[in-house]
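Protein chains in written order, with the working numbering: chain A, -10 to 332; chain B, -10 to 332.
2 protein chains.
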Amino acid sequence: MDPSDTRPARRRRGSGAVTLHDVARLAGVAPITASRALNTPTQVSPDVLQRVTEAVSRTGYVPNRLAGGLASLRSRLVAAVVPTISGPVFLQTVQALTAALAERGYQLMLGQSGYALEREDALLEAIIGRRPDGIVLTGILHSDQGRRRLLAAGIPVVETWDLTPTPLDMLVGFSHADVGRAVAAYLHGRGRSRLAAVSGDDERASRRMQAFVAEVERLGLPRPVLIQVPAPTTLASGRRALAELLSGAPQTDAVFCSSDLLALGVLTEAQSRGLAVPRRLAVVGFGDLDFAADLHPALTSVHIDGDAIGRQAAQFIVDRAEGRPVKQRIVDIGFSIVERDSA
Amino acid sequence: MDPSDTRPARRRRGSGAVTLHDVARLAGVAPITASRALNTPTQVSPDVLQRVTEAVSRTGYVPNRLAGGLASLRSRLVAAVVPTISGPVFLQTVQALTAALAERGYQLMLGQSGYALEREDALLEAIIGRRPDGIVLTGILHSDQGRRRLLAAGIPVVETWDLTPTPLDMLVGFSHADVGRAVAAYLHGRGRSRLAAVSGDDERASRRMQAFVAEVERLGLPRPVLIQVPAPTTLASGRRALAELLSGAPQTDAVFCSSDLLALGVLTEAQSRGLAVPRRLAVVGFGDLDFAADLHPALTSVHIDGDAIGRQAAQFIVDRAEGRPVKQRIVDIGFSIVERDSA
DNA sequence: GTGAAAGCGCTAACAA
DNA sequence: TTGTTAGCGCTTTCAC
């Protein structure tokens, strides 16, 4: 065998894609210099920058972020976990999050935790395995142990859409109890006295409703009728709930619904029965989705700024990833009752 | 200097996380054997499998998929691009896609192409940089060049929600022209003759409407009035559209809407004007969203099986990624008109 | 069935 | 400012 044949016996073929090496060779610099030209352009001379930039556009080079992430321990990937994306509630938050992250060069990975509790572990493994720079929990991650596992992996966690004094890490949300109390006071202030609530059976909605009920009693009104429907809430369950309510408590003059979709169902059922809203029945929704303002009658609803939640969550994670100190780890985004025709 | 001090002068600290090396050491095997125990358990002895499994659970090892993807050229990541996630249309598809992929050990990365055309390039770079095993285009990726760039990168592409004889790669959808024609025939068959259409100004909706108009004329009816509203369509634009329609063409006795949300707007406006549906005006929606069946009157709508689209797209990509031949690259998922009370 | 070596494509650490 | 070297953690290739 020819000893001058230094060609290694085994070769692995790469992807065939253009690599930083190719770009560097074309630009006549070392790979690390090309890397710097792309990532920290201020650290290279204008001449080098120009040559590398040109080499990139000539070759159509796209950096391999798997490799970059592996080497730098920064994946520029952020995971978001929602119960299910087909519920409209968190959509705006996820949308704002995606956009805010994209602007800063981060990408969103989406996971659904809602179905199959036993698969939540698998979801977490899939997430942790990607070494994301952060995780945004939107809605519930069921097991406490799971959430701690994220922290143990050293991944920044942002909990959203809720407010607890003891967040795992960072948090942006609002007080569900305050919402319930505020709606009770609002309806009382409008002269309603026979109140009821229709609520999906998820934890946060239940907390809103408990506070609602407690506040109504504190105000000296009769204890509200509470109707639970399965989550996710739908227009159909709203219709059924009103039917049930009217047969059990026909005196009811106001309903607080745990979602705008439920409220739309209540409005629909009321309309189909010729029940005047708001004259005979006031209806308040939650979420203030796009369509709320344009319903007939226009729906009074609790407005949550889902957009701001998403943006703040992105800010939290990017700050952490880039080593900036996060001074305020809890942000209360608040809420407001948007008064329209239905109440 | 002590020559026996073989400690390298420079050290980079890893993430500190448990690695395959740690697991292998604990199990008393070589790293590659541990790798095989995890990925292709049939290739190792039961004894080794047992020891590795135990070592994994003792250490809480979570494989680093960035490293795995880099080495194997398979990221187990799939990108989905939608115009915007807050439109309800593609949600079911994305949800089914996410679930079907998760089942097979793949993760979804979500990108929004809807805003800022000039940022579409950036989105594509972000996607390609992650070396996904496939991309699902749901809705439009605007530039033809962009789509070809994906192919050039060797990434399998599935186009959805449409049908063209010349897909880029793989495709699962239905014919928008057929939908338009079918709705025209349907309304004609119900004795309606003064037809109109309310349509978002996106390309697919326009194709449905063009075919609708053409078919109506072919059937010998007067040319339908066509009202365009900006995409994304909303309840509010549906209300405005009906108002406009009634002032311009008060004889109209049937409206085909390009989305259920528009149809809900039309129903709402009709109700607020005391216009009887379906007696005076028949309304047909598109999408058959969850709420359609429970509206009052229940909405007749074109049903698209978004779930099946998502599942088929996942199947396409996973088959490709795992080297299985894809025999049928175009799948027509069809559609149906669900007859309810509104038409 | 198991293992040693090499390398996926990139960047941190150090040196000049 | 630029370059050299040594990995990041995993899997492929080849050998036993």
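Backbone N, C-alpha and C fix where the C-beta goes; we use that ideal spot for every residue, glycine too. If you're wondering where the values come from, they're calculated on a predicted model, not measured in any experiment.
is_contact[residue i, chain A] using C-beta, thresh 8 Å
i, result
"B:Gly58", "yes"
"B:Asn28", "no"
"B:Val266", "no"
"B:Ala339", "Any question about residue 339 of chain B goes unanswered here, given that chain B covers just -10 to 332."
"B:Asp279", "yes"
"B:Ser325", "no"
"B:Leu157", "no"
"B:Gln362", "Any question about residue 362 of chain B goes unanswered here, given that chain B covers just -10 to 332."
"B:Thr241", "no"
"B:Ala220", "no"
"B:Met198", "no"
"B:Val342", "There is simply no residue 342 of chain B to check, as chain B begins at -10 and stops at 332 in what is shown."
"B:Arg228", "yes"
Where the alpha helix (DSSP H) containing residue i begins and where it ends
i, result
"B:Thr42", "Pro35 to Thr48"
"A:Asp296", "Gly295 to Ala310"
"B:Val202", "Glu192 to Arg207"
"A:Asn28", "Pro20 to Asn28"
"A:Ala252", "Asp249 to Ser261"
"B:Asp11", "Leu9 to Ala16"
"A:Ser4", "No alpha helix (DSSP H) holds A:Ser4; DSSP gives it neither H nor E."
"B:Phe230", "The sequence as given places Ala at residue 230 of chain B; Phe does not occur at that position. From DSSP, the alpha helix (DSSP H) with B:Ala230 extends over Leu224 to Gly237."
"A:Ala60", "Arg54 to Ser61"
Proximity below 8 Å, CB of residue i to CB of residue j
i, j, result
"B:Phe187", "B:Cys246", "The sequence given here places Val at residue 187 of chain B; Phe does not occur at that position. Cβ distance < 8 Å, so B:Val187 and B:Cys246 count as in contact."
"A:Phe163", "A:Gly274", "no"
"A:Ala23", "A:Val41", "yes"
"B:Thr222", "B:Ala185", "no"
"B:Val315", "B:Met159", "yes"
"A:Ala243", "A:Ala171", "no"
"B:Gly17", "B:Ala68", "no"
"B:Ala166", "B:Arg212", "no"
"A:Ala225", "A:Gly254", "yes"
"B:Leu250", "B:Ala259", "no"
"A:Leu139", "A:Val146", "yes"
"B:Thr127", "B:Val168", "no"
"A:Thr73", "A:Gly103", "yes"
"A:Thr289", "A:Glu328", "yes"
"A:Arg14", "A:Leu66", "no"
"B:Leu97", "B:Thr87", "yes"
"A:Gly189", "A:Val218", "yes"
Per DSSP, the bridge partner or partners of residue i
i, result
"A:Leu215", "A:Ala186"
"B:His292", "B:Gly276 and B:Ser325"
"B:Gly162", "B:Asp321"
"A:Val244", "A:Ala185 and A:Val272"
"B:Leu66", "B:Gln96"
"B:Val71", "B:Gln101"
Enclosing beta strand (DSSP E) for residue i [first to last residue]
i, result
"B:Phe275", "Ala271 to Gly276"
Short CB-CB distance (under 8 Å) between residue i and chain B
i, result
"A:Ala115", "yes"
"A:Ser129", "Sequence inspection shows Ile at residue 129 of chain A; the Ser mentioned does not correspond to that position. Not one chain B Cβ lies under 8 Å of A:Ile129."
"A:Phe275", "no"
"A:Arg54", "yes"
"A:Pro(-3)", "Here the model assigns A:Pro(-3) a pLDDT of 39, short of 50, so the residue's position is not dependable and the matter cannot be decided."
"A:Ile74", "yes"
"A:Ser64", "yes"
"A:Gln81", "yes"
"A:His165", "no"
"A:Gly254", "yes"
"A:Arg329", "no"
"A:Gln134", "no"
"A:Pro(-8)", "Note that A:Pro(-8) has pLDDT 36, beneath the 50 cutoff, so the model's placement of it is unreliable and the number below is only indicative. False, the Cβ-Cβ gap to chain B never drops below 8 Å."
"A:Ile293", "no"
"A:Ala6", "yes"
"A:His10", "no"
"A:His177", "no"
Problem - Segments assigned beta strand (DSSP E), at least 3 residues, entirely inside the stretch 74 to 151 of chain A - result: 96 to 101, 123 to 127 and 146 to 149
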